[in-house]
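Right, one structure below, let's go through it.
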Amino acid sequence: MTPLVSEVPPTTAPRGASDPPDPVPELTVAPPPSVSSPDDSPAPPTSSPPWGRRRVLLLNATFEPLTALPLRRAIVLLVCGKAEVVHGDAAGLVLHSATGSVDVPSVIRLRAYVRVPYRARVPLTRAALMHRDRFRCAYCGGRAETIDHVVPRSRGGTHTWENCVACCARCNHKKADKLLAELGWPLRTMPTAPRGRHWRLLASVVDADPLWLPYLGESAA
Numbered sequence: 078m079t080p081l082v083s084e085v086p087p088t089t090a091p092r093g094a095s096d097p098p099d100p101v102p103e104l105t106v107a108p109p110p111s112v113s114s115p116d117d118s119p120a121p122p123t124s125s126p127p128w129g130r131r132r133v134l135l136l137n138a139t140f141e142p143l144t145a146l147p148l149r150r151a152i153v154l155l156v157c158g159k160a161e162v163v164h165g166d167a168a169g170l171v172l173h174s175a176t177g178s179v180d181v182p183s184v185i186r187l188r189a190y191v192r193v194p195y196r197a198r199v200p201l202t203r204a205a206l207m208h209r210d211r212f213r214c215a216y217c218g219g220r221a222e223t224i225d226h227v228v229p230r231s232r233g234g235t236h237t238w239e240n241c242v243a244c245c246a247r248c249n250h251k252k253a254d255k256l257l258a259e260l261g262w263p264l265r266t267m268p269t270a271p272r273g274r275h276w277r278l279l280a281s282v283v284d285a286d287p288l289w290l291p292y293l294g295e296s297a298a
């Protein structure tokens with residue numbers, strides 16, 4: 078397939094996604110049908126769509142992850158025919174307008190391929206570091222709750238991928254500003270900078286929908 082001329086950074090939507098040629102119809106959300114008894118009172122209708130903080134994973138036409146879009150922008154792409162639904166909302170929510178309905182998506186895919194410039198260095202964020210270390214403490218293997226500098230910053234350590242690890246609160250408190258050699262602690266794995274385009278997306282997403290994980294690489298699982 079011939080690539081489009083325009084290039085889009087991985088953390089932004091395709092050009093024109095926020096400027097559709099026609100206005101998007103007013104939408105209201107309807108929950109999935111449920112079984113109720115005849116005595117139950119009907120629930121009041123939802124008057125406003127759940128745009129809020131809900132995000133939708135946007136895939137390129139090649140299924141490469143591009144970014145996490147606000148739900149409203151994802152609906153714009155669907156309504157304008159620029160994208161298609163890959164996975165719907167796990168709860169089965171549907172958005173209704175006066176002229177039709179759209180399933181609330183979790184993952185959508187562009188119909189046309191968009192060339193994405195490659196950026197080698199992944200930004201160091203708490204979310205990406207926790208994904209890299211699989212939410213496990215680098216010292217004891219327990220559930221990680223914070224980030225620790227292997228060489229403390231008070232002793233010349235840098236805030237880089239190679240000097241930062243996920244850490245549990247207990248180990249973080251016990252280590253304080255000491256060096257590993259002083260404590261006799263080994264590192265379970267040597268910290269390195271992750272590589273791959275999907276890591277840029279993980280760096281900006283705190284809680285990824287489980288439906289996204291197959292598209293974000295094995296490291297995100």
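Residues in the sequence shown are numbered consecutively from 78, following our numbering. Backbone N, C-alpha and C fix where the C-beta goes; we use that ideal spot for every residue, glycine too.
Decide if H236 is buried, meaning its Cβ has at least 16 other Cβ atoms within 10 Å, or exposed. exposed
Residue range of the unbroken beta strand (DSSP E) whose run includes C244: 241-244
My understanding is that A215 touches R150, with C-beta atoms under 8 Å, so please give their C-beta distance in whole angstroms. Their Cβ separation, rounded to whole angstroms, is 37 Å, which puts A215 and R150 out of contact at 8 Å.
Closest to R220 by CA distance: which of C241, R247, P200 is it? Looking only at C241, R247, P200, the smallest Cα-Cα distance to R220 is reached by R247.
Using the rule of at least 16 other Cβ atoms within 10 Å of the residue's Cβ for burial, across every protein chain shown, is S231 buried or exposed? exposed
Buried or exposed: which applies to P200, given that a residue is buried once 16 or more other Cβ atoms fall within 10 Å of its Cβ? Result: exposed.
Can you find the residues in the same chain that come closer than 6 Å, C-beta to C-beta, to F212, ignoring five residues on each side of it along the sequence? If the five residues before and after F212 are omitted, its C-beta is found closer than 6 Å to the C-beta atoms of A221, all from its own chain and listed in chain order.
Opposing strand residues paired with P142 [DSSP bridges]: L136
Does L206 come out as helix, strand or coil in the three-state DSSP assignment? helix
I need the straight-line Cα distance from V163 to L260, nearest angstrom please. 50 Å
Identity of the residues DSSP links to A160 by a beta bridge: L187
Backbone CA spacing between V191 and M207 [nearest angstrom]: 29 Å
By the DSSP assignment, the beta strand (DSSP E) with H236 in it spans what residues? No beta strand (DSSP E) holds H236; DSSP gives it neither H nor E.
Where does R230 sit, in a helix, a strand or coil, going by DSSP? Judged by DSSP in its simplified three-state form, R230 adopts helix.
Residues in its own chain within less than 8 Å of L257 by CB, not counting five upstream and five downstream? Within the same chain, V227, P263, L264 come within 8 Å of L257 by CB-CB distance, once the 5 residues on both sides are set aside.
Indicate the three-state DSSP secondary structure (helix, strand or coil) for P127 in the structure shown. Interpretation of P127 is limited by its pLDDT of 47, a score under 50 that renders its predicted location unreliable; no figure is taken from the coordinates.
Counting along the chain, where does the alpha helix (DSSP H) carrying L45 start and finish? Residue 45 cannot be examined here, being either before or after the span of the chain that is shown, 78 to 298.
According to DSSP, residues forming a beta bridge with D225: Partner(s): V242.
By Cβ distance, which residues of its chain are closer than 6 Å to P287, with the 5 residues on each side in sequence left out? none
Hey, how far is the Cα of A270 from the Cα of V242? 11 Å
Comparing alpha-carbon positions, which option in M267, D180, G158, N137 lies nearest A167? D180
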